[in-house]
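Those protein sequences? They're chains A and B, same order as listed.
Note that the working numbering has the first sequence beginning at 1, numbered continuously upward.
Note that the working numbering has the second sequence beginning at 1001, numbered continuously upward.
See structure below.
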Amino acid sequence: MTTGGTPKISVHGLRKSFGRNRVLDGIDIDCARGESIVIIGGSGTGKSVLVKCVLGLLRPEAGSVAIDGAETMRLRRAGRERLLQKFGVLFQGSALFDSLPVWENVAFGLIHGRGMERQAAREIALAKLAAVGLGRDVGELRPAELSGGMKKRVALARAVAADPEVIFFDEPTTGLDPIMADVINDLILKCVRELGATAVSITHDMVSARKIADRIAMLHKGRIVWQGPAAEIDRSGNPFVDQFINGRAEGPIQMEVRAA
Amino acid sequence: MITLLASIGAAFLGFLAAAGRLVIFAGMALATAFSPPFYQRAVLRQMVDVGYFSLPVVGLTAIFTGMVLALQSYTGFSRFSAEGAVATVVVLSVTRELGPVIAALMVAGRVGAAMAAEIGTMRVTDQIDALTTLSTNPLRYLVLPRLIAGLVTLPLLVLVADIIGVFGGYLVGVYRFGFNPSAYLARTQQYLETSDVVSGLVKAAAFGFIVALMGCYHGYYSRGGAQGVGQATTAAVVSASILILFFDYAITQALFAR
């Protein structure tokens, strides 16, 4: 991890609302080159919205997002497409393309985003599948034929297929059993370390967060309420963090529960 | 009274906004046709989906349409001894009007719904966001091939539907009412002009574009999981059907009424 110099990702004053619902209310967070940062928070606190704003999939009302020190908020489509070539994304539901075989899902960015020949892209895709523990035969299957854990591994292979500089992981272990979740965590660590990539993960799985994070930030009501080294999260002294990591119903975070 | 006027005004403004969004969506998708990359494989796949796999349903509806048209026109014309006009009425009705409209409505039900469901599912499962993050413009990869396929393939389908529809009329005329086969075919050709067929094909191209556009538009902006995809599918078929009938009248009135 490189901590000095220009941050790889720098987010300042980010605000995003949906109608009257303000989801992000002035987010300030930096991520150093090669760092693995995990953003934790309850469901509906805006973790996915934050990542989508950084990726340019959602347009925030205010704030700035800089990658390698260059502002990205006003990029036009061509500039945005060039920027996105630096990124790999593992989506929460895997988001594999149903109509394509597994190998073509993994090779998609190489073929369509970078204009690589199909045969060359196929070989890279099969190598990436092997790196996440899936054989060549899996490459010919359709996503509908895969288990949840296999889909996550294919999605991970797709996210790293083009050797990205930054990888975003959206709830990488949600819906998996604890053993498969640990397998995915190990694969994330392996892929990120081999590539030397910067990793931004969002999760509410504390086992996963502790394992893959260099630094953890907690999001609550559209704001970062705490951030610090992963090793210090148990002594953060922050009541929001303490309630969240211990999974207590009582505390400053009040879940909205309405009687029927 | 003021409340009523406000409601009407709000509905009208909402309609204009929706029409504007649709036009911008179509313009943005069409604009991607003028710069690389081009997805020829996706276009071919869509043309097979829209054209080849719609042949059975379009062929069946065309033959029954031609047959019932011959039956009804014979019933009408026999009342003033003009049975000889049956072949002409069948061929003009099928090529100018019924071929394109019936084929387009069938394709709207089969293909427009499938497009809305497929793209809608891709939207709610983040597959469209995934395309974007893989440096691929979803409008270029998903929407443009479908628009091209609708525009190019429906005229070909309608050409086939025209032939099958006329054949349906021939079957009823010859085997039900005892027309001489040669005379029936001669009457079919006698008053048929190239413009009759071409006008139907021009309509078909417009209808094919409408079907694909409404399927893609409603799928692309669907929200809220399975229910949202279901609503998008319904909206795609209903709006395409209404627009087909509206533009059928508009095109006939503007260009081909003689």
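We put the beta carbon where it would ideally sit given N, CA and C, even for glycine.
Under a Cβ-count criterion, where at least 16 other Cβ atoms within 10 Å of its own Cβ denotes burial, should residue i be classed as buried or exposed?
i         : result
THR2/A    : Per-residue confidence for THR2/A stands at a pLDDT of 48, beneath the threshold of 50, marking its modelled position as unreliable; the derived number appears in the next sentence. With fewer than 16 Cβ atoms within 10 Å of its Cβ, THR2/A is classed as exposed.
ASN1137/B : buried
HIS150/A  : One point to set straight first is that residue 150/A is Met, not His, in the sequence displayed. Buried.
PRO172/A  : buried
ASP1129/B : buried
GLY79/A   : exposed
ALA260/A  : Legend: pLDDT at ALA260/A = 46, less than 50; position of this residue unreliable, value from coordinates given subsequently. Exposed is the call here.
ASN185/A  : buried
MET255/A  : exposed
PHE18/A   : exposed
SER1241/B : buried
GLU71/A   : exposed
ILE1244/B : buried
VAL106/A  : buried
GLY13/A   : exposed
PHE1015/B : exposed
MET1001/B : exposed
PRO143/A  : buried
PRO1100/B : buried
ILE1008/B : exposed
GLY1120/B : buried
Tell me the DSSP bridge mates of residue i?
i         : result
ILE27/A   : LEU14/A
ARG215/A  : ILE37/A and PRO229/A
PHE87/A   : VAL166/A
GLU71/A   : ALA66/A
VAL200/A  : ILE37/A and PHE168/A
ASN21/A   : PHE18/A
HIS1218/B : Looking at the DSSP assignment, HIS1218/B forms no beta bridge with any residue, so it has no partner.
ILE9/A    : CYS31/A and ILE67/A
Rounded to whole angstroms, how far is the Cβ of residue i from the Cβ of residue j, which I believe are closer than 8 Å?
i         : j         : result
ASP214/A  : SER10/A   : Between SER10/A and ASP214/A the Cβ distance is about 17 Å, and since that is not below 8 Å, they are no contact.
GLN243/A  : PRO252/A  : 6 Å
ILE175/A  : GLY148/A  : Reading the sequence as shown, one finds Gly at residue 175/A and not Ile. About 6 Å separates the two Cβ atoms, so the contact holds.
LEU24/A   : PRO60/A   : 7 Å
ILE263/A  : ILE188/A  : This structure does not reach residue 263/A, given that chain A is present from 1 up to 260, and the question cannot be answered.
LEU1156/B : ALA1033/B : Between ALA1033/B and LEU1156/B the Cβ distance is about 20 Å, and since that is not below 8 Å, they are no contact.
ALA1108/B : VAL1211/B : 5 Å
TYR1141/B : ALA1042/B : 6 Å
ALA159/A  : GLY139/A  : That pair is no contact at about 16 Å.
LEU1151/B : PHE1209/B : 5 Å
GLY113/A  : GLN85/A   : 6 Å
ALA87/A   : PHE168/A  : Note that residue 87/A is Phe in the sequence shown, not Ala. That belief holds up - the Cβ atoms of PHE87/A and PHE168/A are roughly 7 Å apart, short of 8 Å.
ARG33/A   : LYS8/A    : 4 Å
GLY46/A   : LEU219/A  : 6 Å
SER43/A   : HIS204/A  : 7 Å
GLN1040/B : ALA1149/B : Between ALA1149/B and GLN1040/B the Cβ distance is about 12 Å, and since that is not below 8 Å, they are no contact.
ARG1110/B : SER1054/B : 6 Å
ASP233/A  : ILE212/A  : Before going on, a small fix: residue 233/A reads as Ile here, not Asp. Incorrect: roughly 13 Å between the Cβ atoms, too far for contact.
GLY1228/B : SER1222/B : 5 Å
LEU1154/B : PHE1207/B : 6 Å
TYR1191/B : THR1088/B : 5 Å
When the cut-off is 8 Å and only beta carbons count, does residue i lie next to chain E?
i        : result
ALA157/A : Among the protein chains of the structure shown, namely A and B, there is no chain E.
- [ ] Starting from the N-terminal side, write out each stretch of the alpha helix (DSSP H) that is 4 residues or longer and does not extend beyond the stretch 94-151 of chain A.
- [x] 102-108, 118-131 and 136-139
- [ ] Pick out the complete alpha helix (DSSP H) segments inside the stretch 224-248 of chain A, 4 residues or longer, and give them in chain order.
- [x] Complete alpha helix (DSSP H) runs here, min 4: 239-246.
Open item on the list: To test your reading of the DSSP string, which unbroken alpha helix (DSSP H) runs of 4 or more residues are found completely within the stretch 1032-1067 of chain B?
Closed with: 1040-1050
Open item on the list: Give the list of continuous alpha helix (DSSP H) stretches no shorter than 4 residues that lie fully inside the stretch 1143-1192 of chain B.
Closed with: 1144-1171 and 1181-1190
Open item on the list: With three or more beta-carbon pairs closer than 8 Å as the criterion, would you say the stretch 1075-1088 of chain B touches the stretch 1115-1134 of chain B?
Closed with: no
Open item on the list: For the structure I just gave you, are there three or more beta carbon pairs, one from the stretch 91-98 of chain A and one from the stretch 151-165 of chain A, closer than 8 Å?
Closed with: The stretch 91-98 of chain A makes contact with the stretch 151-165 of chain A: 3 or more CB pairs, one atom from each, lie closer than 8 Å.
TODO: Would you check if the stretch 1107-1120 of chain B and the stretch 1221-1241 of chain B touch, i.e. whether three or more CB-CB distances between them fall below 8 Å?
DONE: Contact between the stretch 1221-1241 of chain B and the stretch 1107-1120 of chain B is present, because at least three Cβ pairs lie under 8 Å.
Open item on the list: Any contact between the stretch 1091-1100 of chain B and the stretch 1052-1072 of chain B? By contact I mean 3 or more CB pairs, one from each, below 8 Å.
Closed with: yes
Task: Cβ contact check for the stretch 24-34 of chain A and the stretch 222-237 of chain A: 3 or more pairs under 8 Å - done: yes
- [ ] Assess, as a yes-or-no matter, whether the stretch 1048-1063 of chain B is touched by the stretch 1156-1176 of chain B under the definition of 3 or more beta carbon pairs within less than 8 Å.
- [x] The answer is yes - the stretch 1048-1063 of chain B touches the stretch 1156-1176 of chain B, with three or more Cβ pairs under 8 Å.
Open item on the list: Pairs of beta-carbons, one from the stretch 115-122 of chain A and one from the stretch 1161-1181 of chain B, closer than 8 Å: are there three or more?
Closed with: no
Open item on the list: Give the list of continuous beta strand (DSSP E) stretches no shorter than 3 residues that lie fully inside the stretch 1074-1150 of chain B.
Closed with: none
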